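Everything below concerns the one structure shown next.
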Amino acid sequence: MSPKLLNILLVLLPAVLYFGYIDPMYTGDPGLVWTPEKNIRGMQSLNVQYANTLNQVTAIERGAVKLSRDFEGVKEEDKLKMSIMMPDTIDQVKLRNEVITIAANSGVAIDGLKVEKDLKGEKGLNAYNVSFSMRTQYPTFKTFVENYERSMRFFNIEQLAIQRPEQDDSSAQKAIIEDTESLNITMSSKVYYMK
Numbered sequence: 003m004s005p006k007l008l009n010i011l012l013v014l015l016p017a018v019l020y021f022g023y024i025d026p027m028y029t030g031d032p033g034l035v036w037t038p039e040k041n042i043r044g045m046q047s048l049n050v051q052y053a054n055t056l057n058q059v060t061a062i063e064r065g066a067v068k069l070s071r072d073f074e075g076v077k078e079e080d081k082l083k084m085s086i087m088m089p090d091t092i093d094q095v096k097l098r099n100e101v102i103t104i105a106a107n108s109g110v111a112i113d114g115l116k117v118e119k120d121l122k123g124e125k126g127l128n129a130y131n132v133s134f135s136m137r138t139q140y141p142t143f144k145t146f147v148e149n150y151e152r153s154m155r156f157f158n159i160e161q162l163a164i165q166r167p168e169q170d171d172s173s174a175q176k177a178i179i180e181d182t183e184s185l186n187i188t189m190s191s192k193v194y195y196m197k
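First residue of the sequence shown: 3, per the numbering used here; consecutive thereafter.
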């Protein structure tokens with residue numbers, strides 16, 4: 003091989019090597035010889051993302067261990083109460099029975115009890131609409147509401163209407179409701195559970 007040809011090859015070889023292989027590796031642009039799938043800069047940024055993710059894994063593991071310890075520290079009776087307050091599912095028949103039991107313990111007879119699934123729902127929650135009416139005196143209704151509030155289940159009262167029953171003209175002049183008067187009461191509430 004002649005020395006001139008060797009000199010030309012020694013000059014061309016680095017240029018071809020640079021434009022055909024090295025430059026495409028860094029930029030990702032197609033080269034003279036081949037086109038790389040990923041460039042070095044992209045792989046370096048991907049490596050930084052992976053390193054950040056791995057650094058966050060230890061923090062997440064520590065948080066999970068702490069949450070697990072906190073959950074194990076909760077008493078079983080409290081876990082049972084929480085599962086009743088915000089259950090995963092609700093049985094309609096049991097829900098009806100709970101409302102009837104609350105009314106019976108309060109000395110109230112309820113009429114027209116309806117337990118219907120709320121089709122709208124809220125974010126992350128499903129609900130049942132519970133509605134009923136009753137005719138009772140105010141002290142008894144007050145006892146009913148107290149028992150309703152003390153129930154383990156979350157009954158969110160949506161609507162409450164209290165009306166006097168129809169009266170004759172002689173008693174219509176009374177503007178004050180007395181404790182011994184019977185009242186017509188309609189009530190609707192929602193009971194939530196997790197989706």
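We treat Cβ as the ideally placed atom computed from N, Cα and C, and that holds for glycine.
Values in this document were obtained by computation on a predicted structure and should not be read as measured data.
Following a CB-centred definition, is residue i positioned closer than 7 Å to any heavy atom of the ligand COA?
i: ILE10; result: Within the structure as shown, the ligand COA is missing, as the structure has no ligands at all.
I'd like the list of long-range same chain contacts for residue i, defined as Cβ closer than 6 Å, with 5 residues on each side in sequence excluded.
i: SER233; result: In the structure displayed, the chain extends from 3 to 197; residue 233 sits before or after that span and is not available.
i: LEU162; result: MET189
i: ARG137; result: SER184 and ASN186
i: GLU78; result: none
Mind checking whether residue i and residue j have CB atoms under 8 Å apart?
i: THR145; j: SER108; result: yes
i: ARG155; j: VAL193; result: yes
For residue i, which residues in the same chain have their Cβ closer than 7 Å to its Cβ, ignoring the five residues on either side in sequence?
i: LYS119; result: TYR130
i: TYR150; result: ILE104 and PHE157
Only counting the same chain, and skipping five residues up and downstream in sequence, which positions put a Cβ closer than 8 Å to that of residue i?
i: GLY114; result: SER133, PHE134 and SER135
i: PRO89; result: TYR195 and MET196
i: ASN128; result: LYS119, ASP120, TYR194, TYR195, MET196 and LYS197
Alpha carbon to alpha carbon, how far is residue i from residue j?
i: GLU148; j: GLU168; result: 27 Å
i: MET3; j: LEU15; result: 16 Å
i: GLY69; j: VAL18; result: Note that residue 69 is Leu in the sequence shown, not Gly. When rounded, the distance between both Cα atoms is 59 Å.
i: LEU82; j: ARG152; result: 16 Å
i: ILE159; j: ASN57; result: 47 Å
Self-check item: Stretch pair the region 88 to 102 + the region 141 to 149: three plus CB contacts closer than 8 Å
Solution: Contact between the region 88 to 102 and the region 141 to 149 is absent, because fewer than three Cβ pairs lie under 8 Å.
Quiz item: Where are the alpha helix (DSSP H) runs, 4 residues long or more, that stay fully inside the region 70 to 99, in chain order?
Solution: With a minimum length of 4 residues, the unbroken runs of alpha helix (DSSP H) contained wholly in the region 70 to 99 fall at 78 to 87.
Quiz item: Which ranges does the alpha helix (DSSP H) cover as unbroken runs of at least 4 residues, wholly within the region 137 to 172, from first to last along the chain?
Solution: DSSP assignment within the region 137 to 172 yields the following whole alpha helix (DSSP H) runs of 4 residues or more, N-terminal first: 140 to 152.
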